[in-house]
């Protein structure tokens, strides 16, 4: 269904009637064959539905912009608002799509409106009133979808919360904001997200998991090591260890008291013990195995549970983060977000495939899963879709008509804010931008529709 919506959007963005069919077919093929989006249909994730709603919003906004009658404009803007609300209910970060669509409505309505000669005589205030009316319809429809969830949160939690919180926490639940801020001062690759973020309050975190770029000095490294030592060994761990030692001593005392009292009774029963010796050995071996297994499980559970991020430790990380930001503001506000944005987009996007992994270093590629073949191929596909999107952007900009520039503005405001936003978070996972490849398919179709393949073949 998403592929059909992508194709219809490309159809509407191409003004030349002769090229519409070519754009339709190209967009459908690019969307259907995009491996970065397809894989999420087999997972219990929100990416597939988010992609659908994002493209549906774009298509309905396109119909609203192109509608000639007032009634149709009203209907399409209401539908766009409802879809935007549904998308945000599904994923709160989809509000970036709604914001991009709303900005396009304002800018295009005020400055890119195609008007007849009579309409050109109307004042700017008239266009502003019409744009405000359409924006109000879009906003009201958007709010209407969020209203039930907001009322539910107010009744259950006594909290005004129209959207899910950023970290999915319950009201009053502790979130280590200081630790997250410290991660944002150095984390620029998804390989560190799992051990540094998702293992929080579950597994110990050791210093060998952290790259050298996370520290500006040996003193800072020592401070971080001390904080992680407190995290890995919370105050109640010693009490738990002493309690375990006491239980072991009691168990040993019980086992010693249960042994035979004297040698005479053992000699009198020697014949019966010989007959049952095999069964006793088997029982002892089985009980020993069960004891070892339960001990291993308890040690593993203890290893996972004996970690805790406390507000005091979090405050220590916050202080280190503020010092790092003060020493190098450009690194925090510019260079690291730029690196994260590049890592987000130019990832191989092979997650959930059997050969998923990092392309570099090449020496570490797993030949058993044929990573040396698939990962370079996926990286090449990312570049192919990117170049096609850039070509489509060029053709829309070159058209120099308000309609083409309106579509260009719409797609840029749908794509760029999302990349910028996720380049500033502590968990820049490439899956957060996979929805944007649907828009590269639309732009790529616009570019392919402009190409004259017969002429190219003749020249070749």
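Numbering (our numbering), first residue to last: 11 to 470. The C-beta atom is built at its ideal place from N, Cα and C for all residues, glycine as well.
Where does residue 23 fall in DSSP's three states?
As a working mapping, residue 23 is identified with position 13 in the chain shown. The answer is helix: DSSP assigns residue 23 an H, G or I state.
At which residues does the alpha helix (DSSP H) containing residue 412 begin and terminate?
On the chain shown, position 402 is the one that residue 412 refers to. Here the alpha helix (DSSP H) through residue 412 covers 412-432.
Check whether residue 122 and residue 332 have beta carbons under 8 Å apart:
Stepping through the chain shown from its first residue, residue 122 is reached at position 112. Stepping through the chain shown from its first residue, residue 332 is reached at position 322. In this structure, residue 332 does not lie closer than 8 Å to residue 122 by Cβ.
Decide if residue 194 is buried, meaning its Cβ has at least 16 other Cβ atoms within 10 Å, or exposed.
Locating residue 194 in the chain shown gives position 184, where the first residue counts as 1. It is buried - the Cβ of residue 194 has at least 16 other Cβ atoms within 10 Å.
Can you tell me whether DSSP reads residue 77 as helix, strand or coil?
In the chain shown, the residue the question calls residue 77 occupies position 67. Reduced to three states, the DSSP call for residue 77 is coil.
Minimum C-alpha distance to residue 436 - residue among 350, 164, 368:
In the chain shown, residue 436 corresponds to position 426, counting from 1. Checked all of 350, 164, 368; the closest Cα to residue 436 is 350.
At what residue ranges does the segment 131-184 contain a whole run of the alpha helix (DSSP H), taking only runs of 4 or more?
134-167
Would you kindly check if the distance between the Cβ of residue 456 and the Cβ of residue 24 is under 8 Å?
If you number the chain shown from 1, residue 24 lands on position 14. If you number the chain shown from 1, residue 456 lands on position 446. A contact, by the Cβ cut-off of 8 Å.
Just to confirm, are residue 156 and residue 99 a CB contact at a threshold of 8 Å?
Against the chain shown, residue 156 aligns to sequence position 146. Against the chain shown, residue 99 aligns to sequence position 89. Their beta carbons are under 8 Å apart, which means residue 156 touches residue 99 by this criterion.
Reducing DSSP to helix, strand and coil, say where residue 196 ends up.
As a first step, residue 196 must be located in the chain shown, where it is residue number 186. Coil.
In the DSSP assignment, find the unbroken alpha helix (DSSP H) run with residue 114 in it and report its ends.
Position 104 of the chain shown, counted from the start, is the residue given in the question as residue 114. That run of the alpha helix (DSSP H) goes 105-121.
Are there 16 or more other CB atoms within 10 angstroms of the CB of residue 161, so buried, or fewer, so exposed?
To locate residue 161, count along the chain shown from 1; it is residue 151. Label assigned to residue 161: exposed.
Let's test the definition: count the other Cβ atoms within 10 Å of the Cβ of residue 54 and tell me whether it reaches 16, buried, or not, exposed.
By one-based count along the chain shown, residue 54 stands at place 44. Exposed, since its Cβ has fewer than 16 Cβ neighbours within 10 Å.
Do three or more CB pairs link the segment 26-39 to the segment 445-456 at distances below 8 Å?
yes
Kindly indicate the opening and closing residues of the alpha helix (DSSP H) around residue 449.
Taking the first residue of the chain shown as position 1, residue 449 is located at position 439. 447-460 is the extent of the alpha helix (DSSP H) around residue 449.
For the alpha helix (DSSP H) containing residue 239, name the first residue and the last one.
Locating residue 239 in the chain shown gives position 229, counting from the first residue. First-last of the alpha helix (DSSP H) with residue 239: 228-242.
If I measure Cβ to Cβ from residue 474 and keep anything under 6 Å in the same chain, skipping five residues before and after, which residues do I get?
No information on residue 474 is available, as it lies outside the stretch 11 to 470 that the chain covers here.
In the DSSP assignment, the alpha helix (DSSP H) including residue 395 goes from what residue to what residue?
Translated into the one-based positions of the chain shown, residue 395 becomes position 385. Element bounds for residue 395: 381-409.
Helix, strand or coil at residue 87 according to DSSP, with G and I counted as helix
Within the chain shown, residue 87 is the residue found at index 77, counting from 1. Note: residue 87 maps to helix in three-state DSSP.
Would you mind sorting residue 337 into buried or exposed? The rule is 16 or more other CB atoms within 10 Å of its CB.
Counted from its first residue, the chain shown places residue 337 at position 327. So residue 337 counts as exposed.
Pull up the distance between the alpha-carbon of residue 352 and that of residue 440, whole angstroms please.
As a first step, residue 352 must be located in the chain shown, where it is residue number 342. As a first step, residue 440 must be located in the chain shown, where it is residue number 430. In a straight line, the C-alpha of residue 352 is about 10 Å away from that of residue 440.
Verify whether the separation of the beta carbon atoms of residue 473 and residue 19 is less than 8 Å.
Because the chain here runs from 11 to 470, residue 473 falls outside it and cannot be looked at.
Answer yes or no: do residue 475 and residue 407 have a C-beta to C-beta separation smaller than 8 Å?
Since the displayed the chain opens at 11 and closes at 470, residue 475 lies outside it and no answer follows.
How do the segment 359-372 and the segment 339-349 stand: do at least 3 beta-carbon pairs fall below 8 Å, yes or no?
no
Does the Cβ-Cβ distance between residue 334 and residue 229 come in under 8 Å?
Along the chain shown, read from residue 1 onward, the residue named residue 334 stands at position 324. Along the chain shown, read from residue 1 onward, the residue named residue 229 stands at position 219. Not in contact: residue 334 and residue 229 (Cβ atoms no closer than 8 Å).
Start and end of the alpha helix (DSSP H) containing residue 355?
As a position in the chain shown, residue 355 is number 345, starting the count at 1. From DSSP, the alpha helix (DSSP H) with residue 355 extends over 346-355.
With burial defined as no fewer than 16 other Cβ atoms inside 10 Å of the residue's Cβ, what is the status of residue 220: buried or exposed?
As a working mapping, residue 220 is identified with position 210 in the chain shown. So residue 220 ends up on the buried side.
In whole angstroms, give me the CA-to-CA distance for residue 224 and residue 344.
Residue 224 sits at position 214 when you count from the first residue of the chain shown. Residue 344 sits at position 334 when you count from the first residue of the chain shown. Going from the Cα of residue 224 to the Cα of residue 344 covers about 16 Å.
Pick from 27, 46, 28, 63 that is closest to residue 424, judged by C-alpha positions
Along the chain shown, read from residue 1 onward, the residue named residue 424 stands at position 414. Selected option, being the one with the closest Cα: 63.
Alpha-carbon spacing of residue 58 relative to residue 92, whole angstroms
The residue labelled residue 58 in the question sits at position 48 within the chain shown. The residue labelled residue 92 in the question sits at position 82 within the chain shown. About 18 Å.
Drop a sphere of 10 angstroms on the beta-carbon of residue 170, count the other beta-carbons inside from all chains shown, and report buried for 16 or more, exposed for fewer.
The residue given as residue 170 occupies position 160 in the chain shown. With fewer than 16 other Cβ atoms within 10 Å, it is exposed.
Could you check the C-alpha separation between residue 313 and residue 176 for me, to the nearest Å?
Along the chain shown, one-based indexing puts residue 313 at 303. Along the chain shown, one-based indexing puts residue 176 at 166. Unreliable positioning characterises residue 313 in this predicted model, as indicated by a pLDDT of 46, which lies under 50. A coordinate reading is not provided.
DSSP three-state call for residue 436: helix, strand or coil?
As a first step, residue 436 must be located in the chain shown, where it is residue number 426. DSSP places residue 436 in coil when its eight states are reduced to three.
Please work out which residues of its chain come closer than 6 Å, Cβ to Cβ, to residue 95, disregarding the five sequence neighbours upstream and downstream, and give them in chain order.
Mapped onto the chain shown, residue 95 falls at position 85. The residues are 152, 155, 156.
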